[in-house]
Structures are given as C-alpha cells and as structure tokens.
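From first to last, the protein sequence lines are chains A and B. Just so you know, we're using this note's numbering here: the first sequence kicks off at 75 and counts up by one. Just so you know, we're using this note's numbering here: the second sequence kicks off at 75 and counts up by one. In this text, a Cβ means the ideal position worked out from N, Cα and C, and glycines have one as well. Everything numeric in this text was worked out from a predicted model, so none of it was measured. Take a look at the structure set out below.
There are 2 protein chains.
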Amino acid sequence: MARARGRQPTFDRDEALETALDLFWRHGYDGVSIADLTKAIGIAAASLYHAFGSKADLYREVLRHYRSVRIGAKEIADATSSYDAVRQMLDRGIAAVTMPGKPLGCMVSSGMLMTSEENADLAAELKAIRTASRKALERRIARDIKEGILPATTNAAALARFYMTVLQGLSVQALDGASAAELRLVAASALRAWPGAPSDLL
Amino acid sequence: MARARGRQPTFDRDEALETALDLFWRHGYDGVSIADLTKAIGIAAASLYHAFGSKADLYREVLRHYRSVRIGAKEIADATSSYDAVRQMLDRGIAAVTMPGKPLGCMVSSGMLMTSEENADLAAELKAIRTASRKALERRIARDIKEGILPATTNAAALARFYMTVLQGLSVQALDGASAAELRLVAASALRAWPGAPSDLL
DNA sequence: CTTAATGTTTAGTGAACACTAAACAAATGG
DNA sequence: CCATTTGTTTAGTGTTCACTAAACATTAAG
Chain A
75 MARARGRQPT
85 FDRDEALETA
95 LDLFWRHGYD
105 GVSIADLTKA
115 IGIAAASLYH
125 AFGSKADLYR
135 EVLRHYRSVR
145 IGAKEIADAT
155 SSYDAVRQML
165 DRGIAAVTMP
175 GKPLGCMVSS
185 GMLMTSEENA
195 DLAAELKAIR
205 TASRKALERR
215 IARDIKEGIL
225 PATTNAAALA
235 RFYMTVLQGL
245 SVQALDGASA
255 AELRLVAASA
265 LRAWPGAPSD
275 LL
Chain B
75 MARARGRQPT
85 FDRDEALETA
95 LDLFWRHGYD
105 GVSIADLTKA
115 IGIAAASLYH
125 AFGSKADLYR
135 EVLRHYRSVR
145 IGAKEIADAT
155 SSYDAVRQML
165 DRGIAAVTMP
175 GKPLGCMVSS
185 GMLMTSEENA
195 DLAAELKAIR
205 TASRKALERR
215 IARDIKEGIL
225 PATTNAAALA
235 RFYMTVLQGL
245 SVQALDGASA
255 AELRLVAASA
265 LRAWPGAPSD
275 LL
C-alpha cells in the first residue's frame with residue numbers, strides 16, 4: 075500500500091477531530107460556528123469542508139469518536155450482572171462528566187435537548203443513542219429477572235429508566251459544578267433503590 | 075388611574091409572552107430567532123424590541139413567567155416534611171414536563187446546558203436557579219435531621235443533590251418520549267432510596 | 001387644536017451564518 | 001516532463017442574525 079496520490083494534508087485529521095470534539099462538547103452544536111472550528115484547528119473553511127463534508131457530518135464523526143471511548147450498549151450487555159452494569163454505568167458516567175482537563179457534562183445526556191427544527195435530525199440521532207442505552211439496560215435487567223437473580227416482581231423497564239434518568243441528571247449536576255466525589259454520593263443513593271438493597275433504617 | 079397617554083398596543087403583551095414561552099420552551103434560546111418570534115406573535119421586530127428590550131431580556135421575562143407557575147424554593151421550604159417536599163417536587167415536575175398541549179421537558183432542568191460563550195450570562199442565570207432549588211431542598215432536609223425526623227447520619231447535601239439529579243433526568247426522559255405514567259415509576263424508584271424507606275426484599 | 005407621549009411600521013444596519021467555486025500547490029505514476 | 005490526484009488557499013456566495021433609526025399613527029392632557 076503506497077502513499078496516497080495527491081497533495082498531503084497539512085493538518086492531522088485526528089487532532090482536528092479532537093479540537094472539534096472539545097468545542098462541540100463545551101458549547102453544543104448550535105454554540106460552535108464554522109469560524110470557531112477553522113480558527114481552532116488552523117485551516118481554511120474549504121479545507122474543513124473537504125475533509126469532513128458539512129458541520130452536521132463533522133458533528134456526527136465527533137460524536138462517534140466521543141462515544142467510542144465510553145460505556146455503551148455493548149458493555150451493559152456484557153456485564154456480569156445487571157446490578158454491576160448499573161454500577162459501572164454510573165461510575166464511568168461520573169468519571170466521564172468530571173474528567174479534569176475536559177469539558178464538563180456529557181454530549182449525549184445533555185446534548186441538543188432543545189434545538190431548532192432545522193437540526194431536528196441530529197437531535198433525533200442523539201435521542202436514539204440515549205434510547206438504545208436504556209433498552210440495553212432493560213434487556214440486561216430482564217435477563218437477571220428470568221434467571222431468578224432479581225425478583226419476578228421487578229419492573230425491568232421502569233428500573234432501567236430510573237437509572238438512565240439518574241445518569242442523565244448526573245450530567246446536569248456536573249455542568250453545575252458538582253465534583254466527582256459529590257456525584258459518587260448521588261450514585262450511592264441511587265443504588266439504594268436497587269431491588270433488595272439493604273435499608274439503613276428500620 | 076387613567077389610561078396610558080400614548081397609542082395603545084395592538085397586541086396583548088401576555089399573549090405575546092405565552093407565544094414566546096412556547097417557542098423558547100420547544101427550541102431553546104439558540105433555536106429561536108427574532109424572526110421566529112415576530113412571525114409567531116404577529117408584530118414587527120421594532121415593536122418587540124420596544125416592548126421587551128432585547129432577546130435576552132425577553133427570555134428572562136419568559137423564564138420568570140414560566141417559573142411562577144411551578145414549584146420552587148418557597149414550596150420546598152414550606153412543605154410539611156422534607157420527604158413530602160421531595161415527593162411533591164417529583165410529582166409536580168413530572169406533570170410539568172409531560173403537560174399535554176405544552177412542549178416536553180423543563181426549561182430550567184434542560185435549558186442552556188451547552189451554549190456559546192456569548193450567552194454564558196443567561197446560562198449562568200439558569201444554573202443559579204437550579205442551584206437555588208437544590209440548596210432549598212438541602213436546608214429542608216437538614217431541618218428534618220435536626221428535628222430528629224431523619225437519622226443524624228443522613229447527608230443532607232448528598233440527598234438533596236440526588237433528588238435534584240433525578241428531577242433533571244426526568245426532563246430528559248420526557249423529551250425522549252417517556253409518558254407521565256412511566257416517569258411516576260421512575261419517581262417511585264427514586265423514593266425507595268429515601269432514608270428509612272422500606273426495602274421490598276430482605 | 002396643539003402638544004406630548006407611546007406604539008406602530010418600513011426599511012434598513014453591519015456582522016455572522018453555513019457553505020462553495022476556482023485557482024493554486026504539492027504529491028505520485030507514467 | 002506531463003498528467004493525474006488530492007489538499008490547499010483566496011475570495012467570495014446568498015441568507016440569516018440581532019438590532020435600530022426615522023417616519024407615521026393613535027391616544028390623552030392642556
């Protein structure tokens with residue numbers, strides 16, 4: 075496999091994606107302009123379009139890169155138990171929304187929640203990602219119910235939705251300045267609602 | 075008190091605020107343009123500026139109107155118990171984010187979470203509202219601890235933050251299409267984490 | 001009726017928006 | 001060297017952005 079034929083790019087595509095990730099993560103899709111991106115990356119607008127297609131396509135690629143580093147449907151399905159899946163999801167979620175040197179919050183949990191109709195397609199893609207995670211958790215919980223690990227009276231859909239609710243709320247809390255330690259206490263509270271979790275009083 | 079001196083407005087100011095509320099609620103601050111507002115209200119841009127000052131000022135007034143109809147720091151402080159405050163907060167929150175005929179989600183919980191730096195001041199005002207609610211709940215819980223209603227080992231700050239986290243997550247879930255009934259099950263799960271709540275297994 | 005006050009409209013401001021045509025630059029293959 | 005391929009730049013496109021100056025319209029006070 076020889077080198078590509080034409081002129082070589084003057085910028086590192088992965089570095090540019092990281093730069094775009096930082097901007098989109100920090101300011102959201104609407105809050106970042108093409109001018110912001112080209113200035114931060116250090117290229118002309120035409121180069122950015124040549125490399126990434128459009129602003130929406132760049133956002134999609136940034137989002138794919140962002141998601142590849144964190145826990146998703148696959149990790150949930152592969153967890154040793156649904157309780158462990160939830161614990162891991164919350165732990166990793168907290169780490170993700172409070173990473174030092176990175177923007178606060180989560181691009182998926184807090185991204186494009188309210189946006190114009192012209193960006194409705196991108197918002198729908200984010201919503202689909204959130205829904206897929208919830209469904210994966212629901213399936214993992216249902217499996218534990220079928221295997222008798224969780225009581226038969228457990229409502230898998232409701233329990234999965236509850237922990238997704240907490241996860242999404244954690245992103246808002248991080249954006250409002252909560253530390254990882256404070257969020258771990260929140261996660262601990264949430265885990266007290268797990269079916270069969272010990273009550274500390276009475 | 076006689077009538078005002080000059081020409082009478084041709085539009086109802088409260089109706090205009092309601093229209094602006096619907097737009098901002100549905101599409102967020104960035105997702106609504108002055109052109110959107112003037113078209114929906116049915117007035118020229120100059121009239122809107124004459125009546126409301128600026129887009130940011132209009133948003134502030136819309137937000138004040140929006141908040142006046144829902145539970146805030148005062149209702150939390152006046153609740154008969156911190157548990158009741160939390161239960162009411164979740165119940166009313168669910169009703170607010172799933173009101174038929176109204177936009178989904180909550181302007182405060184899901185508003186301006188990621189925005190450009192030029193709107194950082196508005197985002198900070200929303201953050202301040204969220205923080206004030208959390209602090210009010212924390213004080214209400216601390217009072218119940220001091221009065222012996224809650225165990226002395228209870229962490230008021232952590233518990234308040236947990237239920238604010240759930241409340242903010244509920245808004246995302248509503249935006250993603252969850253029904254009020256589904257969200258009530260989420261709230262029920264969350265209340266199982268209350269100190270001394272009965273565990274349904276062992 | 002005149003004056004003052006207030007709200008309206010038309011018609012615009014300059015700036016920023018996402019995006020692109022066209023020419024130039026640098027690389028490989030023959 | 002020449003052709004081809006690819007990425008670059010400059011210099012724009014038309015549109016939309018939030019916002020406003022100035023003239024006109026309607027009201028009450030004097």
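Looking at the secondary structure, which residues open and close the alpha helix (DSSP H) in which I108(B) lies?
Its alpha helix (DSSP H) spans residues 108-115.
Establish whether the CB of T189(B) and some CB of chain A are separated by less than 9 Å.
Yes, T189(B) lies at the interface with chain A (some Cβ there is under 9 Å from its Cβ).
Taking the alpha-carbon positions, what's the V143(B) to R138(A) distance?
If I take the Cα positions, the gap works out to 40 Å.
Expressed to the nearest angstrom, what Euclidean distance is found between the alpha-carbon atoms of A264(A) and A159(B)?
Here the alpha carbons of A159(B) and A264(A) stand approximately 18 Å from one another.
Taking just the CA atoms, how far does P174(B) sit from V136(A)?
Whole-angstrom Cα-Cα distance: 35 Å.
Do the segment 213-225 of chain B and the segment 152-167 of chain B touch if we need at least three Cβ pairs shorter than 8 Å?
Yes, they touch.
Proximal chain B residues relative to R204(A), where beta-carbon distance stays under 7 Å:
What R204(A) touches in chain B: D250.
Report the neighbours of V260(B) on chain A: residues whose CB is nearer than 8 Å to its CB, in chain order.
Correct list: A232, R235, F236, T239.
Nearest-angstrom Cα separation, counted from N193(A) out to H124(A)
Here the alpha carbon of H124(A) sits roughly 22 Å from the alpha carbon of N193(A).
At least 3 beta-carbon pairs within less than 8 Å: the segment 171-186 of chain B vs the segment 94-113 of chain B
Enough Cβ pairs lie closer than 8 Å, so yes.
Can a CB atom of chain B be found closer than 9 Å to the CB of L244(A)?
So, interface residue.
Would you tell me roughly how many angstroms separate the C-alpha atoms of Y140(B) and T93(B), rounded to the nearest one?
So the two alpha carbons sit approximately 12 Å from each other.
Beta-carbon of A267(B) versus every beta-carbon of chain A: anything under 9 Å?
Taking 9 Å as the threshold, the shortest C-beta distance from A267(B) to chain A falls below it.
Residues from the segment 92-111 of chain A in contact with chain B, defined by Cβ distance under 9 Å:
Residues are counted here when their Cβ sits less than 9 Å from a Cβ of chain B; for the segment 92-111 of chain A these are F98, W99, R100, H101, G102, Y103, D104, G105, V106, S107, D110, given in chain order.
Spell out whether any CB of chain B is found under 9 Å from the CB atom of G179(A).
Yes, contact with chain B.
Considering only the beta carbon of each residue, do S208(B) and A234(B) sit closer than 9 Å?
The sequence given here places Arg at residue 208(B); Ser does not occur at that position. The answer is yes: Cβ separation under 9 Å.
So L91(B) and I108(B) are in contact, right, with Cβ under 8 Å, and what is the actual spacing, rounded?
Rounded, the Cβ-Cβ distance is 15 Å, inconsistent with contact.
According to DSSP, is A226(A) part of a helix, a strand, or is it coil?
For A226(A), the secondary structure class from DSSP, reduced to helix, strand or coil, is coil.
What does G185(B) reach in chain A if we use C-beta pairs closer than 9 Å?
Within 9 Å Cβ-Cβ: L187, M188.
Ignore the nearest five residues each way along the sequence and tell me which others in A170(A)'s own chain have a CB closer than 7 Å to its CB.
Result list for A170(A): R144, C180, in chain order.
Contact check, G243(A) vs V246(B), beta carbons under 9 Å
Going by C-beta atoms, G243(A) is nearer than 9 Å to V246(B).
Starting from the beta carbon of A264(A), find every residue of chain B whose beta carbon is closer than 7 Å, and list them in chain order.
What A264(A) touches in chain B: F236, A267.
What is the DSSP secondary structure of W99(A), reduced to helix, strand or coil?
Three-state result, W99(A): helix.
I'd like to know whether the C-beta atoms of T189(A) and D110(A) end up nearer to each other than 9 Å.
In this structure, D110(A) does not lie closer than 9 Å to T189(A) by Cβ.
Taking Cβ positions only, does Q162(B) come closer than 9 Å to chain A?
Q162(B) does not count as touching chain A.
Less than 9 Å between the C-beta atoms of R134(B) and E191(B), yes or no?
With a cutoff of 9 Å on beta-carbon distance, R134(B) and E191(B) are scored as not near each other.
Cα-Cα, which of P272(A), V240(A), A262(A), R214(A) is closest to K148(A)?
Nearest option by C-alpha distance: R214(A).
When you compare only the Cα positions, how much space is there between L257(A) and G270(A)?
C-alpha separation (whole angstroms): 23 Å.
What is the C-beta distance between Y237(B) and M186(B), in whole angstroms, given that I count them as a contact (C-beta under 8 Å)?
Beta-carbon to beta-carbon, Y237(B) and M186(B) are separated by about 22 Å, too far to satisfy the 8 Å threshold.
Starting from the C-beta of I168(B), find all residues in its chain whose C-beta is less than 7 Å away, skip the five residues before and the five after it, and write them out in chain order.
L244, A254, L257, R258, A261.
Does DSSP classify T93(B) as helix, strand or coil?
In this structure, T93(B) counts as helix in the three-state DSSP scheme.
Which bits of chain A does E256(B) rub up against, with CB to CB less than 8 Å?
Simply A231, A232, R235.
Quick test of your reading: A210(B) and A151(B), contact by CB under 8 Å. State the CB separation rounded to the nearest angstrom.
Confirmed, about 6 Å.
Grouping DSSP H, G and I as helix and E and B as strand, with all else coil, what is D218(B)?
Looking at D218(B) - three-state DSSP - the assignment turns out to be helix.
Option nearest D86(B) by Cα separation, candidates A114(B), D195(B), A231(B):
When each option's Cα is compared against that of D86(B), the closest is A114(B).
For K201(B), return the contacting residues in chain A, with the cut-off set at a CB-CB distance below 7 Å.
For the C-beta of K201(B), the chain A residues within less than 7 Å are, from N- to C-terminus, D250.
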